[in-house]
Amino acid sequence: MHYCKCALYLSSAVTLLDSKAQQTELEWISSPPSGWEEISGLDENYTPIRTYQVCQVMEPNQNNWLRTNWIEKGDAQRIFVELKFTLRDCNSLPGVVGSCKETFNLYYQEADVEVGRNIRESQYVKIDTIAADESFTQGDLGERKMKLNTEVRIIGPLSRRGFYLAFQDVGACIALVSVKVYYKKCWSIIENLATFPDTVTGSEFSSLVEVEGTCVSDAEEEADNSPKMHCSAEGEWLVPIGKCICKAGFHQKGDACEPCGRGFYKSSSQDLQCSRCPAHSYNDREGSWRCDCEDGYYRALSDPPSVACTRPPSAPQNLLYNINHTTVSLEWTPPADTGGRNDVTYRIICRRCTWEPEECFPCGSNVGYAPQQSGLTDTYVIITDLLAHANYTFEVEAVNGVSDLSRTQRLFAAISIATSQAVSIFPVFFLSAPSQVSEVIKERVQQHSVQLSWQEPEQPNGVITEYEIKYYEKDQKDRIYSTVKSKSTSATVNNLKPSTAYIFQIRAFTAAGYGTFGPRVEVTTKEESTGSGDEQNPVIIIAVVAVAGTIILVFMVFVKFPGTKTYIDPETYEDPNRAVHQFAKELDASCIKIERVIGAGEFGEVCSGRLKLPGKRDVSVAIKTLKVGYTEKQRRDFLCEASIMGQFDHPNVVHLEGVVTRGKPVMIVIEYMENGSLDAFLRKHDGQFTVIQLVGMLRGIAAGMRYLSDMGYVHRDLAARNILVNSNLVCKVSDFGLSRVIDDDPEAVYTTTGGKIPVRWTAMEAIQYRKFTSASDVWSYGIVMWEVMSYGERPYWDMSNQDVIKAIEEGYRLPAPMDCPPGLHQLMLDCWQKDRADRPKFDQIVGILDKMIRNPNTLKTPMGTCTRPISPLLDQNTPDFTSFRLVSEWLEAIKMERYIDNFTAAGYSSLESVARMTIEDVMSLGISLVGHQKKIMSSIQTMRAQMLRLHGTGVQV
């Protein structure tokens, strides 16, 4: 029961009783009958009204009761009673000694039905004693200066269907001008495209009634954000949460969703407005979510509705060829019309034709294409292994993302070519290329040149007309090479760099074509002359001075600043509670408001809520709770994380607000990270960030780990699932429990003596010997880099833990994710060096990422961190696929022998045919596991490069 003297919000009131509105007799119960009297009168506006008055002030011990009729309350729980009355000043009444009063009492009685006309005083509950702010005198009455009092009282909560009001006079001279009984409700409104119905206010003065909204027609709830509002005790709508948004094909206009007009569309509810149909598209209906393409134009399945409709490209132009016996190179220029798309590629159709009459047949799988037959992005191709004395027709077709949708005739450039005659008296099928040039001698090595000589191959298989020498810098690994021709068995290669290791290979040429290149011969050119040995190299002098200066500076820093903050292991405390209270702030549970459950942790629920500390603004927080029925060990382990987090203060490490240990539930309160864990966040937004944004995330993680490493803290479980992301895409290191169970994935851990290890993220020395250091955290950081650049893909895909361990021991390292810049993948490989001393430090990693962010062009070229060249172990252990004869041998080498039958059934009988496969071809074999698809395609790409090098066409791979 409450009362107040406050302004009335009548616009939100529902009236249950208004005595002024009744013109006939009220017929309320008066006891005794000689007490309260019903009379007709005028209100302050001279409007006729029915009132009750009593004025028996001359007699002592008055007890006059007046009761209303039964009032049905409806849905109300909290009732307002407004009284308007006048009261005579006792001092203005002559002859009154002590019996006159200037107050009266207000009562109520709850009842489900009418209870009769008898008034039993004991059944009534007193609301309040009503006193007048102003009273009148006899003179006022004569001048009709009626001083009207208004008082409002509140009763509730009520539990019965209705109630009575009663007024007790104990000796006052009073006129009850009007009685108004009402309750408050929030009237139906439309807010954020959601309809909220009439809602009765709560029973308490401070209560808010939460109401679910219903989306208006053609609207839907925003994802994970259903519309809600709160009805206050004063009948006002407050605290709107969530909203509805117009469905695809509709846009918001006022409080309704209207359909997009003809010629407009809206593809998603997330779009705000309708958009005009893109180029070459239309619609002739309202409420469209997309526009149809005009005749002759198409939209690929991967094209969003917002892009223009496009068409297939025209034919390639200026097709040229160069024939070298049984090898043909084709070049062309792009089509004049790309169809409005930028995804144009080329494919080659090869046919072998008879001489007379001309009939053409597909070339078959024995013909080789470099770099490939279809999906070409460059405007050239080399076709090998053609038959001698044969007539061929080649078609070069330009295709784009909508070519397969077009019903029009294909457009291509075509050319017919006859391979060379063989200079030999033998039939062509007896001709074969010369064998390898195997014996190479280094005659003379200078700073800028190398002279070589060699013996003729043991099996020339014809007249050798020339030799070709291929050479390249050793560090380039055959990626870029040059060639020199020689008519004899010796040659001099000029224009070389001094002090540089080069690889040389030689092959012979006959009428049957080129033989294969011989073994690799390594030659290092001489050093460049540096002058007299007594001279001091100025570069060395400068370097020595710089190093000395650095040492002095470091010494000065450590003398001036004797130490930095160091991490203290909570396990070193005899009493864990002491560690918690030393490093973590104790919070009052009343300052924490839990709003909703957002997840489950190892020890209990994880909730979101608000923290309001005295004198500070409230902030969003995440709250980890300890489940009911915990043991003392569980409580100690639970609070151990807070003891760790409380020692850290860095913008890229999750901040601890405090703990609640002196109440239940026991809580750890940390800052709220709106976007949750990094791995789930990246999977949700696959492909939506720029490389610079991803590098920025990685830089934040590295900065947080640099801080932890400088403090001497080893994380042991650095993974994308343990990185949290806030609304500004700031990544922060979290999860500092010393003993953890990896959520929902028992396969992700590997049990060794002393606990469980997340194998896919852990360095080998930590798995084998439990040697956890900052260097092992660097290894884990490399895996996190791979997770980020692959948008949350599972490291090592579906390989088992034992397979992962075995592969890493054998030198396998994860390949670069799709579209990952080479510099970032090289940094990953640096983090995965077998010798932990060779791995970069976190401060080096931060420096490298800073350079990438300041100069985005560095993301296009490899960058290393070590002073010596790094050859990733994976490259060193890649098998030579050209040495295999059977498809089954290749599959066994890459541990994919389970798919031998799949390849055989599809007709892939040679490695040449396998080398031309695309990802679509691999998927068509029924290989559904993404990890296996990628592993097979990676091997096929390596096979293509090896075959191209083996053919030795002089083309840069």
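Read in order, the letters of the sequence shown correspond to residues 1 to 957 in full-length UniProt numbering.
No residue lacks a Cβ here, since even glycine has one placed at the ideal position from N, Cα and C.
Checking the sheet assignment: what are the DSSP bridge partners for residue i?
i: residue 310; result: 298
i: residue 707; result: Partner(s): none; residue 707 has no beta bridge.
i: residue 606; result: 599, 624
i: residue 724; result: 677, 732
i: residue 486; result: 467
i: residue 973; result: Given a span of 1 to 957 for the chain in the structure shown, any question on residue 973 remains unanswerable.
i: residue 282; result: 292
i: residue 225; result: 222
How about residue i and residue j: do their beta carbons lie closer than 8 Å?
i: residue 374; j: residue 312; result: no
i: residue 351; j: residue 384; result: no
i: residue 273; j: residue 916; result: no
i: residue 958; j: residue 906; result: Residue 958 falls outside the range modelled here, since the chain spans only 1 to 957, and no answer is possible.
i: residue 459; j: residue 435; result: yes
i: residue 136; j: residue 88; result: yes
i: residue 623; j: residue 592; result: yes
i: residue 245; j: residue 269; result: yes
i: residue 93; j: residue 130; result: no
i: residue 334; j: residue 379; result: yes
i: residue 230; j: residue 200; result: no
i: residue 369; j: residue 450; result: no
i: residue 271; j: residue 281; result: no
Give the straight-line distance between the Cα atoms of residue i and residue j, rounded to the nearest whole angstrom.
i: residue 134; j: residue 121; result: 29 Å
i: residue 204; j: residue 79; result: 11 Å
i: residue 889; j: residue 858; result: 40 Å
i: residue 266; j: residue 883; result: 56 Å
i: residue 297; j: residue 227; result: 42 Å
i: residue 156; j: residue 202; result: 10 Å
i: residue 751; j: residue 757; result: Here the model assigns residue 751 a pLDDT of 41, short of 50, so the residue's position is not dependable and the matter cannot be decided.
i: residue 938; j: residue 327; result: 27 Å
i: residue 933; j: residue 798; result: 11 Å
i: residue 470; j: residue 817; result: 32 Å
i: residue 597; j: residue 721; result: 19 Å
i: residue 778; j: residue 922; result: 35 Å
i: residue 16; j: residue 28; result: 16 Å
i: residue 712; j: residue 841; result: 13 Å
i: residue 904; j: residue 910; result: 10 Å
i: residue 687; j: residue 729; result: 15 Å
i: residue 963; j: residue 176; result: The requested residue 963 does not occur in the structure, where the chain is confined to residues 1 to 957.
i: residue 899; j: residue 672; result: 48 Å
i: residue 72; j: residue 163; result: 7 Å
i: residue 178; j: residue 148; result: 10 Å
i: residue 753; j: residue 472; result: Unreliable placement is indicated for residue 753, whose pLDDT of 37 sits below 50; the coordinate value is still reported in the next sentence. Answer to the nearest angstrom: the Cα atoms are 50 Å apart.
i: residue 746; j: residue 667; result: The predicted position of residue 746 is uncertain, since its pLDDT is 40 and thus under 50; a value taken from the coordinates is nonetheless stated next. So the two alpha carbons sit approximately 27 Å from each other.
On the DSSP letters alone, give me the boundaries of the beta strand (DSSP E) that residue i sits inside.
i: residue 491; result: 490-493
i: residue 732; result: 731-733
i: residue 578; result: Careful: residue 578 lies outside any beta strand (DSSP E), inside the alpha helix (DSSP H) at 576-583.
i: residue 764; result: Careful: residue 764 lies outside any beta strand (DSSP E), inside the alpha helix (DSSP H) at 764-769.
i: residue 382; result: 380-384
i: residue 369; result: 368-370
i: residue 506; result: 501-510
i: residue 221; result: 219-221
i: residue 362; result: 360-362
i: residue 528; result: That residue, residue 528, is in no beta strand (DSSP E); it is neither H nor E in DSSP.
i: residue 331; result: 327-333
Along the chain, where does the alpha helix (DSSP H) that runs through residue i open and close?
i: residue 854; result: 842-854
i: residue 831; result: 822-831
i: residue 209; result: No alpha helix (DSSP H) holds residue 209; the beta strand (DSSP E) holding it covers 209-212.
i: residue 783; result: 774-789
i: residue 801; result: 801-809
Subject >> Contained alpha helix (DSSP H) runs [length at least 4] in the region 627-668, N- to C-terminal order >> reply: 632-645
Original post:
Where in the region 5-55 do unbroken runs of the alpha helix (DSSP H), each at least 4 residues long, occur, reported from the N-terminal end onward?
Top reply: none
Original post:
Taking only runs of the alpha helix (DSSP H) that begin and end inside the UniProt domain "SAM" (882-946), which ones reach a length of at least 4 residues, in chain order?
Top reply: 887-893, 900-905, 911-915, 919-924
Original post:
For the region 163-202, which segments carrying the beta strand (DSSP E) assignment without a break, of at least 3 residues, lie completely within its bounds, in sequence order?
Top reply: 173-186, 189-191, 194-196
Original post:
Which whole runs of the beta strand (DSSP E) in the region 63-124 are 3 residues long or more, in chain order?
Top reply: 64-67, 79-87, 103-111
Subject >> Inside the region 239-277 only - beta strand (DSSP E) runs reaching at least 3 residues >> reply: 244-246, 250-253, 256-259
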